[in-house]
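Let me begin by presenting the structure, written as structure tokens, before commenting on it.
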Amino acid sequence: METQDDISIIFKARSSSGPAPHYVEVAVQDGRMFVSCSCPAGRYGKFCEHKMRILQGDQKILEQDQVDDLARVSEWVQRSDFQDLIIQSRRAEKAIDEARAVLDDVKKQMSSAMKDGIAIGNKV
1218 METQDDISII FKARSSSGPA PHYVEVAVQD GRMFVSCSCP AGRYGKFCEH KMRILQGDQK
1278 ILEQDQVDDL ARVSEWVQRS DFQDLIIQSR RAEKAIDEAR AVLDDVKKQM SSAMKDGIAI
1338 GNKV
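So the sequence shown is numbered by this note's numbering: it starts at 1218 and just counts up by one.
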């Protein structure tokens, strides 16, 4: 189990918004992991997909030669409380997707009712 302090790994993350990559730095100092990104949101310390994808171990946004470093970061995440936040986030995203599906169905029913005619006086 690695416990070194003062480690910095910089990932070159592919961007979905253009050809230029974003740089995600994962630094460990005094037993704490810090994550930053060069994208507009990341520069302001905000949530960004690049940081999340690195912390979730997503190899698809990286060059092959960075996979070993990603495995190292994934090990740190697994040993941290942040892993619980990732699980909570995935559950919340699933609940949102399910709620959106229900909302889409209700809107279709409402659209059909407005088009086909809304029965008046049938409510008990």
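The beta carbon of each residue, even a glycine, is placed where N, CA and C say it ideally should be.
Inter-segment contact for the region 1315–1335 and the region 1251–1266 is absent: fewer than three beta-carbon pairs are separated by less than 8 angstroms.
For Ser-1253, the enclosing beta strand (DSSP E) starts and ends at 1249–1254. Residue environment: Val-1323 is assigned as exposed (fewer than 16 neighbouring CB atoms within 10 Å of its CB, all protein chains considered). Collapsing the DSSP output to three states places Ala-1336 in coil. In the DSSP annotation of this structure, Ser-1291 is not part of any beta strand (DSSP E); the continuous alpha helix (DSSP H) holding it starts and ends at 1284–1295. Here Ala-1244 has Ser-1225 and Phe-1251 as same chain residues with Cβ atoms under 6 angstroms from its own Cβ, once five neighbours each way along the sequence are excluded. Ser-1328 sits in a helix when the DSSP states are folded into three classes. Cβ neighbours of Arg-1270 within its own chain (closer than 6 angstroms, five residues either side excluded): Ile-1278.
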